[in-house]
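Asker:
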Amino acid sequence: MASSHAPDSSTGTGLSIPWQSIGSILANLYIAIAILALAIPLVIIVAVSITAGDFLQFPPEGFSLQYYAEILGSANWLSAIQLSVTVAVAASILATALGGALAFGLNRYDIRYSKSIWGLAVLPILVPPVIIAVGLMAFFLIIDIWGTTLAIVLAHGVLFSPFPFIMISSGLDEIDGAVEEAARILGASRTQTLRTITVPLIASNVVIGLLFVFIISLNEYLVALFVSGPGTETVPILIFSMLRYGYDPSIAAISVIYMVVTVGIILIIDFKLDGQLW
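So for the sequence shown, UniProt numbering puts the first residue at 1; every next one is plus one.
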């Protein structure tokens, strides 16, 4: 007996539309477009940084590493790089110390209005940076540290402390309280328990929070501009200052250096999150 196949009523042609495949194709297309939108400017910056010409232009005129050499031989650039790294290191340590102490206090002690304090702790990343910048500038003028390296470190340390605070809070929430309790039952003091049990368990969170602050501080411009003064120009401030007077390819070169450092740190964080490091 011959069998008959009824046509698919959804299409009227006997062929069903693979909607899942179409959705997958559209999703991949969207991802590809997003990657291109992000990658094309970076490729252009890299290409412009190795130009042999005197101006920022694409496609570049020839190939030369002269602007990288110019950065390494420039007192202004080297001073700005040194200051940026110094500020980023100090600010990341300060932010991690502030965020870590607050996270530990809220997590391990029964503090009144802890939820309100938690909200205040993350407030710096919710308030527009320009408002914080103006407030810090006024405060630093009053205490007479405006325009110093200390002012930038304090500004970045306080402003970015929510990042390690959130990371360390997350790590503390994942610790089984029975582990710490067992250590204390076996005779360990609170300090010994913290040093030998708690800190090693949240070490990953601490490192990731610290690296986040380092990256953001290294690239931050607005707040640093408001609290810095003559002689305390970070790399982002120097870049924007130079852009006022022209388009020097050395700006592209320093941007590439910053990009490589930032991507390297992000890869470290990514590997750490995957459990491949430490």
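Ideal Cβ placement from N, Cα and C applies to all residues, glycine included.
Is Ser74 helix, strand or coil by DSSP?
Answerer: Here the question's residue 74 lines up with position 74 in the sequence shown. If DSSP states are grouped into helix, strand and coil, Ser74 belongs with coil.
Asker: Of all the beta strand (DSSP E) runs that stay within the bounds of the segment 21-49, which reach a length of 3 or more residues?
Answerer: The qualifying runs do not exist here; there are none.
Asker: With burial defined as no fewer than 16 other Cβ atoms inside 10 Å of the residue's Cβ, what is the status of Phe63: buried or exposed?
Answerer: The residue you call residue 63 lines up with position 63 of the sequence shown. The residue in question, Phe63, is exposed, as its Cβ has fewer than 16 Cβ neighbours within 10 Å.
Asker: Pick from Phe165, Gly119 and Pro230: whose alpha carbon is nearest that of Gly147?
Answerer: For this step, residue 147 is matched to residue 147 along the sequence shown. Comparing Cα positions, the closest option is Pro230.
Asker: Would you identify the three-state DSSP class for Gly62, choosing helix, strand or coil?
Answerer: Position 62 of the sequence shown, counted from the first residue, corresponds to residue 62. Coil at Gly62, not helix or strand.
Asker: Use the C-beta contact count for Glu233: other C-beta atoms within 10 angstroms, 16 or more gives buried, fewer gives exposed.
Answerer: As a first step, residue 233 is located in the sequence shown; it is residue number 233 there, counting from the start. Label assigned to Glu233: buried.
Asker: Which residues in the same chain as Val85 place their Cβ atom closer than 8 angstroms to its Cβ, once the five residues preceding and following it in sequence are excluded?
Answerer: Translated into positions along the sequence shown, residue 85 becomes position 85. Excluding residues within five positions, the ones whose Cβ falls inside 8 angstroms are Leu218.
Asker: With DSSP as the reference, label Ser228 as helix, strand or coil.
Answerer: Translated into positions along the sequence shown, residue 228 becomes position 228. In this structure, Ser228 counts as strand in the three-state DSSP scheme.
Asker: Out of curiosity, what's the CA-to-CA distance linking Phe165 and Thr96?
Answerer: Your numbering for residue 165 matches position 165 in the sequence shown. Your numbering for residue 96 matches position 96 in the sequence shown. Each residue's alpha carbon lies about 7 angstroms from the other.
Asker: Distance, Cα to Cα, Ser116 vs Tyr109?
Answerer: Counting from one through the sequence shown, the residue named residue 116 turns up at place 116. Counting from one through the sequence shown, the residue named residue 109 turns up at place 109. Approximately 15 angstroms between the Cα atoms of the pair.
Asker: Leaving out the 5 sequence neighbours to the left and right, which residues in its chain are closer than 7 angstroms to Ile125 when beta-carbon positions are compared?
Answerer: To locate residue 125, count along the sequence shown from 1; it is residue 125. If we look at Ile125 and ignore the five residues flanking it on each side, its Cβ neighbours are Pro162.
Asker: Since Val46 and Phe58 should fall inside the 8 angstroms C-beta cutoff, what is the C-beta to C-beta distance between them, to a whole number of angstroms?
Answerer: Here the question's residue 46 lines up with position 46 in the sequence shown. Here the question's residue 58 lines up with position 58 in the sequence shown. Actually they are not in contact, since the Cβ atoms of Val46 and Phe58 sit about 10 angstroms apart, beyond 8 angstroms.
Asker: Do Ile202 and Ile168 count as a contact pair if the criterion is CB distance below 8 angstroms?
Answerer: Position 168 of the sequence shown holds residue 168. Position 202 of the sequence shown holds residue 202. Taking 8 angstroms as the Cβ cut-off, Ile168 and Ile202 qualify as a contacting pair.
Asker: Determine the direct distance from the alpha carbon of Arg244 to that of Tyr221, and round the result to whole angstroms.
Answerer: As a working note, residue 221 is residue 221 in the sequence shown. As a working note, residue 244 is residue 244 in the sequence shown. Each residue's Cα considered, the two are about 15 angstroms apart.
Asker: Hey, Leu91 and His156: beta-carbon distance below 8 angstroms or not?
Answerer: Here residue 91 is taken as the residue at index 91 of the sequence shown, counted from 1. Here residue 156 is taken as the residue at index 156 of the sequence shown, counted from 1. Per the sequence shown, residue 91 should be read as Ala rather than Leu. Contact flag set, yes.
Asker: Spatial neighbours of Val238 within its chain, please: CB distance less than 6 angstroms, with the 5 preceding and 5 following residues excluded, ordered by chain position.
Answerer: Counting from 1 along the sequence shown, the entry for residue 238 is found at position 238. Val is not the amino acid found at residue 238; the sequence shown has Leu there. Only Ala80 meet the Cβ criterion.
Asker: Contact criterion: CB-CB distance below 8 angstroms. Does Phe58 meet it with respect to chain D?
Answerer: Of the protein chains in the structure, only one exists, and it is not chain D.
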